[in-house]
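Below is one structure, written out as structure tokens; comments come after it.
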């Protein structure tokens, strides 16, 4: 499907495209698509827009993906792997103590630019998920996996299974909300509330 | 700015537009704009799109609004008044008991279709707020007003001011999260967790 480079052309464009085509990875397309999704919304994630942005031909897209839908599914899979599977594995590997892992989860919204970027991506995905079944599925699966991971930590601390799930849900909505509402209150107030949330969620009923 | 109806035209369109122009209220434009924002995203909220949707001329828009920006500001003001000012006044008026008012706030995500619609609007506004200063301001102001209202209830229950604010923030993020993640768990599980959240948030540290 990719066009044959026009060797006779006087412009350098086709040759540049040829170089770019072989050097661009699927990951580069996924990254560009994610950026456009976050900055401009899903309607702007179009093959022609991305190709222009990356300075390659539209045809070179088809070396890596069957169609736009395949690219969008790769965006969702890449996000789920990075922001959920790898994240929970990293948190679980960083400490053997469930209480410390919970503290690490609670610290996620306060990790500066990487937290802001993650929150922007998630919000764009949630907005898209309201209109798209595949996005809805990916977001639901990520939420479920994260809540399960946190629930295991509360279980390990000795809370009964049902209550551990409720505590996990509450902690998770706090973390999501803290990311969504980064502008609420001073740094001192957000420090105070995260310490409060940690204490309260360890308090037995 | 509105065009003079072409009286000689054989089609009935201009006359219909004339009738619609005089009958359409600013509220009708705000409602249509909000629907398009939620269903298709902010980029699709354009005067020509809305006029076509409502079957009126583009020019009739200018009877009510100076420009698109004025319409968008009206969308934000209308949302803030309905979803925050009127809502908190209604909740406060429904019961004198702070504990019952808190229970009413906790029940908001479970109010069927109206809750789903409110959640869709809020998510669209939050996504838009990531890219727009006026939307950001409206969302921040609504979050702050709701958290303040809930904090007053915890203060009335006897919690110290700082702690009342932290409890309010946690309860509010739970309510927002429960709306965002309506698909998580069975109805029995979400019933269990809302009862858990209510109990835990009344538990002293």
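Residue numbers (our numbering), protein chains in the order written: chain D, 828 to 1032; chain Y, 828 to 1032.
Even glycine gets a Cβ: it sits at the ideal position worked out from N, Cα and C.
- So the alpha helix (DSSP H) residue 999 of chain Y belongs to, where does it begin and stop? Translated into positions along the second chain, residue 999 of chain Y becomes position 172. Unbroken alpha helix (DSSP H) run through residue 999 of chain Y: 988–1007.
- residue 979 of chain Y touches chain D at which residues, Cβ-Cβ below 9 Å? Residue numbering aside, residue 979 of chain Y sits at position 152 when the second chain is read from its first letter. At a C-beta separation below 9 Å, residue 979 of chain Y has no neighbours in chain D, since its nearest C-beta there lies roughly 16 Å away.
- Query: Is the CB-CB distance between residue 1036 of chain Y and residue 971 of chain Y below 8 Å?
  - Reply: Absent from the model: residue 1036 of chain Y. The displayed extent of chain Y is 828 to 1032, so no value can be given.
- Between which two residues does the alpha helix (DSSP H) harbouring residue 1016 of chain Y extend? As a first step, residue 1016 of chain Y is located in the second chain; it is residue number 189 there, counting from the start. First-last of the alpha helix (DSSP H) with residue 1016 of chain Y: 1014–1029.
- Task: Pull up the distance between the alpha-carbon of residue 947 of chain Y and that of residue 901 of chain Y, whole angstroms please.
- Result: Taking the second chain and counting its residues from 1, one reaches residue 947 of chain Y at position 120. Taking the second chain and counting its residues from 1, one reaches residue 901 of chain Y at position 74. The straight-line gap from Cα to Cα measures roughly 18 Å.
- Within its chain, find whatever has a CB closer than 6 Å to the CB of residue 1076 of chain Y; leave out the 5 residues flanking it on each side and keep chain order. This structure cannot settle anything about residue 1076 of chain Y, because the visible part of chain Y is limited to 828 through 1032.
- Query: For the stretch 997–1025 of chain Y, which residues have a CB atom closer than 8 Å to at least one CB atom of chain D, in sequence order?
  - Reply: Under the 8 Å Cβ criterion, the stretch 997–1025 of chain Y contributes 997, 999, 1000, 1001, 1003, 1004, 1005, 1007, 1008, 1010, 1011, 1012, 1016, 1019, 1020, 1023 and 1024.
- Cβ pair residue 860 of chain Y, residue 872 of chain Y closer than 8 Å: Locating residue 860 of chain Y in the second chain gives position 33, where the first residue counts as 1. Locating residue 872 of chain Y in the second chain gives position 45, where the first residue counts as 1. Contact flag set, yes.
- Message: Taking the straight line between their C-alpha atoms, what separation do you get for residue 941 of chain D and residue 887 of chain Y?
- Response: Along the first chain, read from residue 1 onward, the residue named residue 941 of chain D stands at position 114. Along the second chain, read from residue 1 onward, the residue named residue 887 of chain Y stands at position 60. Between residue 941 of chain D and residue 887 of chain Y, the C-alpha separation is close to 46 Å.
- Message: residue 936 of chain Y and residue 1006 of chain Y - do their beta-carbons sit closer together than 8 Å?
- Response: If you number the second chain from 1, residue 1006 of chain Y lands on position 179. If you number the second chain from 1, residue 936 of chain Y lands on position 109. In contact: residue 1006 of chain Y and residue 936 of chain Y (Cβ atoms closer than 8 Å).
- Message: Taking the alpha helix (DSSP H) that residue 871 of chain Y belongs to, which residues open and close that run?
- Response: Counting from 1 along the second chain, the entry for residue 871 of chain Y is found at position 44. According to the DSSP assignment, residue 871 of chain Y belongs to no alpha helix (DSSP H), since it is labelled neither H nor E.
- Item | Interface flag, residue 990 of chain Y vs chain D, CB-CB below 8 Å | Here residue 990 of chain Y refers to the residue found at position 163 of the second chain. Yes, residue 990 of chain Y lies at the interface with chain D (some Cβ there is under 8 Å from its Cβ).
- Message: Strictly under 8 Å for the Cβ-Cβ distance: is residue 1030 of chain D near chain Y by that measure?
- Response: On the first chain, position 203 is the one that residue 1030 of chain D refers to. At least one C-beta of chain Y is nearer than 8 Å to the C-beta of residue 1030 of chain D.
- Item | residue 985 of chain D, buried or exposed, once every other Cβ within 10 Å from all chains shown has been counted against 16 | Counted from its first residue, the first chain places residue 985 of chain D at position 158. Residue 985 of chain D comes out exposed.
- Task: Assign residue 834 of chain D to one of two classes, buried (16 or more other C-beta atoms within 10 Å of its C-beta) or exposed (fewer than that).
- Result: Position 7 of the first chain, counted from the start, is the residue given in the question as residue 834 of chain D. Low per-residue confidence applies at residue 834 of chain D: pLDDT is 40, beneath 50, and the placement is therefore not dependable enough to give any value.
- Message: Just to confirm before moving on: does the CB-CB distance between residue 969 of chain D and residue 911 of chain D stay below 8 Å?
- Response: For the purposes of this step, residue 969 of chain D is identified with residue 142 of the first chain, where counting begins at 1. For the purposes of this step, residue 911 of chain D is identified with residue 84 of the first chain, where counting begins at 1. With respect to the 8 Å criterion, residue 969 of chain D and residue 911 of chain D are classified as neighbours on the basis of their beta carbons.
- Message: Measuring only the C-alpha atoms, how far is residue 878 of chain Y from residue 863 of chain Y?
- Response: Here the question's residue 878 of chain Y lines up with position 51 in the second chain. Here the question's residue 863 of chain Y lines up with position 36 in the second chain. Residue 878 of chain Y and residue 863 of chain Y have their C-alpha atoms roughly 12 Å apart.
- Message: If the cut-off is 7 Å on Cβ atoms, which residues from the stretch 940–954 of chain D count as contacting chain Y, listed in chain order?
- Response: Under the 7 Å Cβ criterion, the stretch 940–954 of chain D contributes 947, 950, 951, 953 and 954.
- Below 8 Å on the Cβ atoms is my guess for residue 933 of chain D versus residue 1003 of chain D; work out the distance and round it to an integer in Å. Within the first chain, residue 933 of chain D is the residue found at index 106, counting from 1. Within the first chain, residue 1003 of chain D is the residue found at index 176, counting from 1. At roughly 12 Å, the Cβ-Cβ gap does not stay under 8 Å, so residue 933 of chain D and residue 1003 of chain D are not in contact.
- Task: State the start and end residues of the unbroken alpha helix (DSSP H) segment that holds residue 976 of chain Y.
- Result: For the purposes of this step, residue 976 of chain Y is identified with residue 149 of the second chain, where counting begins at 1. First-last of the alpha helix (DSSP H) with residue 976 of chain Y: 960–983.
- For residue 954 of chain Y and residue 954 of chain D, believed in contact at Cβ under 8 Å, the rounded distance: Locating residue 954 of chain D in the first chain gives position 127, where the first residue counts as 1. Locating residue 954 of chain Y in the second chain gives position 127, where the first residue counts as 1. About 4 Å separates the beta carbons of residue 954 of chain D and residue 954 of chain Y, which is inside the 8 Å limit, making them a contact pair.
- Task: Output yes if chain D places a C-beta closer than 8 Å to the C-beta of residue 882 of chain Y; else output no.
- Result: Taking the second chain and counting its residues from 1, the one referred to as residue 882 of chain Y is at position 55. Closer than 8 Å: no.
- Query: What's the C-alpha gap between residue 856 of chain D and residue 921 of chain D?
  - Reply: Residue numbering aside, residue 856 of chain D sits at position 29 when the first chain is read from its first letter. Residue numbering aside, residue 921 of chain D sits at position 94 when the first chain is read from its first letter. Note on geometry: alpha-carbon atoms of residue 856 of chain D and residue 921 of chain D lie some 31 Å from one another.
- Item | chain Y contacts made by the stretch 856–890 of chain D, where a contact means CB separation under 9 Å | Only those residues of the stretch 856–890 of chain D whose C-beta falls short of 9 Å from the nearest C-beta of chain Y are listed: 865, 866, 867, 868, 869, 870 and 871.
- Query: For residue 962 of chain D and chain Y, any beta-carbon pair shorter than 8 Å?
  - Reply: Locating residue 962 of chain D in the first chain gives position 135, counting from the first residue. Interface flag for residue 962 of chain D against chain Y is unset, since no Cβ pair is found closer than 8 Å.
- Query: Taking 8 Å as the CB-CB cut-off, is residue 969 of chain D touching chain Y?
  - Reply: Here residue 969 of chain D refers to the residue found at position 142 when the first chain is read from its first residue. It does not; no Cβ of chain Y falls within 8 Å.
- Please name the residue in D/1008, D/1018 and D/996 whose C-alpha comes closest to that of residue 989 of chain Y. Taking the second chain and counting its residues from 1, the one referred to as residue 989 of chain Y is at position 162. Nearest C-alpha to residue 989 of chain Y: D/1018.
- Pull up the distance between the alpha-carbon of residue 1010 of chain Y and that of residue 890 of chain Y, whole angstroms please. The residue you call residue 1010 of chain Y lines up with position 183 of the second chain. The residue you call residue 890 of chain Y lines up with position 63 of the second chain. Taking the straight line joining both Cα atoms gives about 43 Å.
- Message: Against chain Y, does residue 975 of chain D count as a neighbour if the rule is that its beta carbon must be under 8 Å from one of theirs?
- Response: Within the first chain, numbered from 1, the residue matching residue 975 of chain D stands at position 148. No, no contact with chain Y.
- Item | As assigned by DSSP and simplified to three states, the class of residue 934 of chain D | Position 107 of the first chain, counted from the start, is the residue given in the question as residue 934 of chain D. In this structure, residue 934 of chain D counts as helix in the three-state DSSP scheme.
- Message: Judging by CA-CA distance, which residue of D/960, D/991, D/1016 and D/962 is the nearest neighbour of residue 975 of chain D?
- Response: As a first step, residue 975 of chain D must be located in the first chain, where it is residue number 148. That would be D/991, whose Cα lies nearest to the Cα of residue 975 of chain D.
- Message: For residue 876 of chain Y and residue 951 of chain Y, I'd like the C-alpha separation in whole angstroms.
- Response: Stepping through the second chain from its first residue, residue 876 of chain Y is reached at position 49. Stepping through the second chain from its first residue, residue 951 of chain Y is reached at position 124. Their Cα atoms are separated by approximately 18 Å.
- Item | Short CB-CB distance (under 8 Å) between residue 930 of chain Y and chain D | Translated into positions along the second chain, residue 930 of chain Y becomes position 103. Output row for residue 930 of chain Y: interface = no.
- Query: Going by the CB atoms, is the gap between residue 914 of chain D and residue 928 of chain D shorter than 8 Å?
  - Reply: In the first chain, counting from the first residue as 1, residue 928 of chain D sits at position 101. In the first chain, counting from the first residue as 1, residue 914 of chain D sits at position 87. For residue 928 of chain D and residue 914 of chain D, no; Cβs fall outside 8 Å.
- Item | Beta-carbon proximity of residue 892 of chain Y to residue 1020 of chain D, cut-off 8 Å | For the purposes of this step, residue 892 of chain Y is taken as residue 65 along the second chain, with counting starting at 1. For the purposes of this step, residue 1020 of chain D is taken as residue 193 along the first chain, with counting starting at 1. Not a contact, by the Cβ cut-off of 8 Å.
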